[in-house]
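Line order of the protein sequences matches chains F and W. This note's numbering puts the first sequence at residues 1 to 144. This note's numbering puts the second sequence at residues 1 to 407. Note that beta-carbon positions come from the ideal geometry of N, C-alpha and C, so glycine has one too. Nothing here was measured: the structure is a model prediction, and the numbers come from that model. These notes are about the structure you will find just below.
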Amino acid sequence: MHTFNDPIVMRQVIMDHYEHPRNKFKLNLPGARTIHMDTAGCIDDIDVNIVIERGIIKALSFDGVACTISTASTSIMTELIEGKTLEEATYIVDQYIKMIHAQPYDESVLGEAMVFQNTHKQASRIKCATLGWQGLSQLLKEKK
Amino acid sequence: MTIKDIRRDFPILKKKFKGKTLAYFDNAATSLKPLPVVRAINHYYLDLPVNAGRGEYDLSFALEKEIDQAREKVATFIHATPKEIIFTTGTTMGINMIAQSYAMNVLTKGDEIIITESEHAANVLPWYQVVEKTGAKLIILDLDQEQRLTPTLLKPYLNSKTKIVSFADVSNVLGTKTDVQSIAQMVHEVGGLVIVDGAQSVPHFPTNVSELGIDFLVFSGHKMLGPTGIGVLYGKLALLEKMKPFYTGGGMSLRYNKKQEVKYAPIPQIFEAGTQHWSGIIGLSAAITYLQRVGFDFIHAQETKLRQHALAGLKKIAHVQVYNDKTEAAILAFNIKGVNPQDAATYFNSQGIAVRSGQHCARNLVEYLKTDGTVRWSAYFYNTIEEVDRFLKAAEDGRNFLDAYFQ
Chain F
1 MHTFNDPIVM RQVIMDHYEH PRNKFKLNLP GARTIHMDTA GCIDDIDVNI VIERGIIKAL
61 SFDGVACTIS TASTSIMTEL IEGKTLEEAT YIVDQYIKMI HAQPYDESVL GEAMVFQNTH
121 KQASRIKCAT LGWQGLSQLL KEKK
Chain W
1 MTIKDIRRDF PILKKKFKGK TLAYFDNAAT SLKPLPVVRA INHYYLDLPV NAGRGEYDLS
61 FALEKEIDQA REKVATFIHA TPKEIIFTTG TTMGINMIAQ SYAMNVLTKG DEIIITESEH
121 AANVLPWYQV VEKTGAKLII LDLDQEQRLT PTLLKPYLNS KTKIVSFADV SNVLGTKTDV
181 QSIAQMVHEV GGLVIVDGAQ SVPHFPTNVS ELGIDFLVFS GHKMLGPTGI GVLYGKLALL
241 EKMKPFYTGG GMSLRYNKKQ EVKYAPIPQI FEAGTQHWSG IIGLSAAITY LQRVGFDFIH
301 AQETKLRQHA LAGLKKIAHV QVYNDKTEAA ILAFNIKGVN PQDAATYFNS QGIAVRSGQH
361 CARNLVEYLK TDGTVRWSAY FYNTIEEVDR FLKAAEDGRN FLDAYFQ
């Protein structure tokens, strides 16, 4: 996990998720819910789709147009969160948002998402790195 | 004035960002402000910090005099009369004011409004509202290879139903300039009105509304060295007389009573309800003085030199695609192939270079450009060839854009 401190590895992880995003499709499943996320200032424009069954995230996907940071962070998020319970998912989202804002966080649950640990140094990219995560956060809250 | 003298008036150009001197190439979004403009704004707050037209004391009269002088200055600058100059908050407010105060009252079902697909949101969305309320029809013209509204493109759409043709003289994405005079003539022949969005042209080219024969012109102070929150709506007097103020209040009403009888102030004050942006007006006046001192000949020559250098340089880079070869303004829209424009702009930022990325508020242009977004480089007369070279070097290295993320 701590290999994610190596800039070369971090770069490779981001580019891999940008060029081959995971779970990038529409969710045509029963019970699927979607939230649209976009920003006024840039071209990021995505849907985050979720299926929650009996307190478990059964499926999580996204689709749309977004920049490298936004695409990679959302792609990593879908892999991290799928299969988790609502509580676990909420905890992971909280830790991620704390990391992005340079607050103390529990890195043991963030896996590849650790590649975004330097985002707070690039103020203009905070929105990109959190677009999908904010969408997920709202979807999780709606369920509660 | 040499470029060195000019640059001394913009202290921000000496400051370091990311350890590098700022190379500011987002002038189409807003220009930098020179010291004389900042001093003029301070002059209001330090010497005249009162309201105009409301007090029987010397300070208030002194302010009123300066505001009158500013209005005259703006009028002379665009070859209009002071009565035809309405102070607004900017181009956006100007177009909304025409839409709400003129179009909403005059247009009916069957009438047609024409704009182009390259218009800025401020010249699109007010018309969406007008057609929704009035039942008039909005025609959005597709551009051709000329990348601008041309008489040929417009001609087939003009007829007796044409009531308004509204377009940017210079496109904020494509940088192309319009033959405003010919278009105005054609539109007038069918009895329509011409509205010109001068946000990108007034700061860079001499503007003569009487020669152009246009009906309305709107522009912003902040793109021409002036303060934010101040702009100008020019309208032919006969048309202003047909307009109803769409927002009302103090300053624009002389008398009213409980029987709801109102006597309004004369034009142009009738369109300026509430306390105005006095420091903004004084700042705008100082900006015009500054531009006149530099001179549009110098401005145009310098911008042409910068544009040609930047365009030639970008074209030499195999992984750069430029979208607006036809540009006549110092505006270039491009992409580094395979790199999302926002990622590219972050990389430029890491090199101390300010550029804009995205759709630049012209979201209807996406299909025409066949790309979701672009990086936009836009220069003003205070930029230098050395800054353009730094920009070109960054464009060359731009494929390593994630470097910016790991600094």
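Over what stretch of residues does the alpha helix (DSSP H) that includes H17 of chain F continue unbroken? Counting along the chain, the alpha helix (DSSP H) containing H17 of chain F begins and ends at 7 to 19.
Pick out whichever of W:R376, W:Q351, W:I299, W:D397 has its Cα sitting closest to the Cα of T2 of chain W. W:I299
In the segment 293 to 337 of chain W, which residue ranges form an unbroken alpha helix (DSSP H) of at least 4 residues, counting only runs that do not cross its ends? 296 to 315
E64 of chain W versus K316 of chain W: straight-line alpha-carbon distance, rounded: 55 Å
Please report how far the alpha carbon of F418 of chain W lies from the alpha carbon of L240 of chain W, in whole angstroms. It is not possible to answer for residue 418 of chain W, since the shown part of chain W is limited to 1 through 407.
For D325 of chain W and L174 of chain W, the rounded distance between their alpha carbons: 8 Å
Contained beta strand (DSSP E) runs [length at least 3] in the segment 333 to 406 of chain W, N- to C-terminal order: 356 to 358, 374 to 378
A129 of chain F versus S378 of chain W: straight-line alpha-carbon distance, rounded: One C-alpha to the other measures close to 27 Å.
Identify the residues that DSSP records as bridge partners of F77 of chain W: which are they? The partner list for F77 of chain W (beta bridge, DSSP) is empty, contrary to what the question assumes.
Run through the DSSP bridge pairs and tell me what K452 of chain W is partnered with. Only positions 1 to 407 of chain W appear in this structure, which leaves residue 452 of chain W out of reach.
Contacts of V65 of chain F in chain W (Cβ-Cβ under 8 Å): D372
Is the CB-CB distance between F25 of chain F and G132 of chain F below 7 Å? no
If you reduce the DSSP assignment to three classes, tell me which class K144 of chain F lands in. Confidence at K144 of chain F is low in this model, with a pLDDT of 48, below 50, so the placement of that residue should be treated as unreliable; the coordinate-derived value is given next. K144 of chain F: coil per DSSP, three-state reduction.
Secondary structure at K161 of chain W, three-state DSSP: helix, strand or coil? coil
What's the gap between the Cα of I331 of chain W and the Cα of K58 of chain F? 49 Å
Closest by C-alpha distance to L140 of chain F, when choosing among F:P104, F:R54, F:I69: F:R54
A345 of chain W to N383 of chain W span [Cα, whole Å]: A straight-line Cα-Cα distance of about 18 Å links A345 of chain W and N383 of chain W.
Hey, could you find the ends of the alpha helix (DSSP H) K263 of chain W is sitting in? Unbroken run through K263 of chain W is the beta strand (DSSP E), 262 to 264; no alpha helix (DSSP H).
Express the C-alpha separation of T74 of chain F and K144 of chain F in angstroms, rounding to a whole number. Any reading at K144 of chain F needs caution, since the residue's pLDDT is 48, under 50, leaving its predicted position unreliable; the model's value is listed next. When the Cα atoms are used, K144 of chain F and T74 of chain F turn out to be separated by approximately 22 Å.
With G192 of chain W and V218 of chain W assumed to form a contact (beta carbons below 8 Å), what rounded beta-carbon distance in angstroms separates them? Contact flag wrong, Cβ pair sits at about 17 Å.
Give me the chain W residues within the contact set of M99 of chain F, using Cβ-Cβ distance strictly less than 7 Å, ordered along the chain. Result: empty, since nearest Cβ-Cβ is about 15 Å, beyond 7 Å.
Please report the straight-line C-alpha distance between K337 of chain W and T134 of chain W, rounded to a whole angstrom. 44 Å
When DSSP labels each residue in this structure, what does H36 of chain F get in the three-state scheme? strand
N123 of chain W: contacting residues in chain F (beta-carbon distance under 7 Å): Under the 7 Å cutoff, chain F gives no residues; its nearest Cβ is about 18 Å from N123 of chain W.
Hey, A312 of chain W and F348 of chain W: beta-carbon distance below 7 Å or not? no
Between the CA atoms of M10 of chain F and Y24 of chain W - distance to the nearest angstrom: Rounded to the nearest whole angstrom, the CA to CA distance from Y24 of chain W to M10 of chain F is 30 Å.
Fully enclosed by the segment 223 to 264 of chain W, which beta strand (DSSP E) runs are 3 residues long or longer? For the segment 223 to 264 of chain W, whole beta strand (DSSP E) runs of length 3 or above, ordered along the chain, are 231 to 235, 253 to 256, 262 to 264.
Which residues in the same chain as E79 of chain F place their Cβ atom closer than 6 Å to its Cβ, once the five residues preceding and following it in sequence are excluded? R22
Counting C-beta neighbours from all protein chains within 10 Å, is the total for R125 of chain F 16 or more, i.e. buried, or is it exposed? buried
Could you work out which residue in F:I50, F:I92, F:S70, F:L136 is closest to G31 of chain F when comparing CA atoms only? F:I50
Within its chain, find whatever has a CB closer than 8 Å to the CB of L237 of chain W; leave out the 5 residues flanking it on each side and keep chain order. T81, K83, E84, I267
In chain A, what lies closer than 9 Å to Y368 of chain W by C-beta? In summary, chain A is missing from the structure at hand, where the protein chains are F and W.
Specify the secondary structure class of I46 of chain F as computed by DSSP and reduced to three states. strand
Using only the alpha-carbon positions, how far apart do G135 of chain F and A301 of chain W sit? 49 Å
For a test of the three-state rule: what should DSSP assign to K24 of chain F, helix, strand or coil? strand
S220 of chain W bridges to which residues according to DSSP? W:G231
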